[in-house]
Structure formats: C-alpha cells, structure tokens
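Residue numbers 10 to 86, in my numbering, belong to the letters of the sequence shown in order. Just so you know, even glycine gets a beta-carbon here, dropped at the ideal spot from N, CA and C.
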Amino acid sequence: MLGEGGPVGAVAKTLLGAGVQPVRVVLFDKNDAAGWVLGWHQDRTITVRQRIDVSGFGPWTVKQGIVHVEPPFSGNR
Numbered sequence: 010m011l012g013e014g015g016p017v018g019a020v021a022k023t024l025l026g027a028g029v030q031p032v033r034v035v036l037f038d039k040n041d042a043a044g045w046v047l048g049w050h051q052d053r054t055i056t057v058r059q060r061i062d063v064s065g066f067g068p069w070t071v072k073q074g075i076v077h078v079e080p081p082f083s084g085n086r
C-alpha cells in the first residue's frame with residue numbers, strides 16, 4: 010500500500026517526484042457519526058531510530074520511548 014507500486018506510493022510519486030516514498034500513514038474515519046471534535050490538521054512527524062541533529066529537522070520529541078522529528082517541509086511542492 011505504501012510502497013512505490015502501491016496506491017499511496019503512486020500518489021506520492023505523482024505529486025512529489027520519483028525520489029520520495031511515504032514513511033507512515035494514519036487514517037481515521039472522521040464521519041459525522043464518529044463524534045470527532047478535532048479539526049483537520051497535519052501530523053508531519055516521522056519516527057527515527059535515533060536522534061542525529063541535521064539542519065532543518067526538528068522539533069524532536071520522544072513518545073513512549075520512540076524518537077519523533079519533523080522533517081523539513083516546503084509548501085511549494
């Protein structure tokens with residue numbers, strides 16, 4: 010599904026170019042009956058094995074022992 014030949018991977022490749030690949034997807038059924046009160050937003054963090062300080066990556070967090078970071082983002086893609 011997320012791989013290069015899967016539906017999500019194909020959309021990513023079409024929109025962002027051949028050098029990208031999804032690393033995680035979280036899907037929710039946000040219909041009227043589900044009772045969601047949280048508005049639309051983007052979760053842009055990724056999980057990594059360890060913290061390695063690289064320019065543009067941050068802020069860093071640790072959730073349940075797993076390191077998360079927000080990679081550089083450009084809305085111009």
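Span of the beta strand (DSSP E) around residue i
| i | result |
| --- | --- |
| Lys72 | 69–72 |
| Thr56 | 55–57 |
| Val76 | 75–78 |
Residue i versus the options, residue with shortest Cα-Cα distance
| i | options | result |
| --- | --- | --- |
| Ala27 | Gly18, Val34, Arg53, Arg33 | Gly18 |
| Phe82 | Leu25, Pro16, Met10, Lys39 | Leu25 |
| Gly35 | Ala42, Ser64, Arg53 | Looking at the sequence itself, residue 35 is Val, so the reference to Gly does not match. Closest option to Val35, Cα to Cα, is Arg53. |
Boundaries (first-last residue) of the alpha helix (DSSP H) holding residue i
| i | result |
| --- | --- |
| Val17 | 16–25 |
Contact test: residue i Cβ vs the ligand SAM heavy atom, cutoff 7 Å
| i | result |
| --- | --- |
| Val20 | This structure lacks the ligand SAM; in fact it carries no ligand of any kind. |
contact_flag[the segment 32–48, the segment 57–67] where n(CB pairs < 8 Å) is 3 or more: no
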